[in-house]
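Have a look at the structure below before the remarks.
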Amino acid sequence: MSSMETIRSVEPIVVALPREVPYLGPLDPGERVNERGYFVRAGNRTIYPVFDRSVLVKITSTDGKVGWGETYGIVAPQAV
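Counting in this note's numbering, the sequence shown runs from 157 upward without gaps.
Following this line, the structure appears as structure tokens:
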């Protein structure tokens, strides 16, 4: 009978890199960055950050095996 592996730990790692020019180009008149580093594009009313961000996830099993994953964490990486 073999023993079943289980997850020992899940470690999220938020990676954020500043951008020289915001996503989709420079801000249009009337668009501004808020104190948390986000802005809303007037044309589509969508929230964007002034940095690129992803969330890496490291999962370690009880027998020491490690797996990695990645997800896009644009506005709320805490939800991952």
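Positions of the beta carbon are idealized from the N, C-alpha and C atoms, including for glycine.
Which residue marks the beginning of the beta strand (DSSP E) containing residue i, and which one marks its end?
i    : result
T242 : The structure shown has nothing for residue 242, since the chain only spans 157 to 236.
P168 : 163-174
T227 : 222-228
R194 : The residue you asked about is not Arg; residue 194 is Tyr in the sequence shown. Y194 -> beta strand (DSSP E) spans 194-197.
Does residue i come out as helix, strand or coil in the three-state DSSP assignment?
i    : result
V189 : coil
M157 : Because M157 carries a pLDDT of 49, less than 50, the predicted location of this residue cannot be relied on, and no value is offered for it.
E183 : It should be pointed out that residue 183 corresponds to Leu in this sequence rather than to Glu. It is coil, neither helix nor strand.
With hydrogens ignored, establish whether the beta-carbon of residue i is closer than 7 Å to any heavy atom of the ligand FMN.
i    : result
E161 : No copy of the ligand FMN occurs in the structure displayed, which carries no ligand at all.
With a threshold of 6 Å on Cβ separation, who are the neighbours of residue i within its own chain once the five nearest residues in sequence on each side are excluded?
i    : result
E167 : K214
Which residues in the same chain as residue i place their Cβ atom closer than 8 Å to its Cβ, once the five residues preceding and following it in sequence are excluded?
i    : result
L180 : R197, Y204
Within the same chain, show all residues whose beta-carbon is closer than 7 Å to that of residue i, passing over the 5 residues directly before and after it, in chain order.
i    : result
M157 : Note that M157 has pLDDT 49, beneath the 50 cutoff, so the model's placement of it is unreliable and the number below is only indicative. Contacts found: none.
(message) Three Cβ pairs or more, each shorter than 8 Å: is that satisfied between the region 157-171 and the region 191-202?
(response) no
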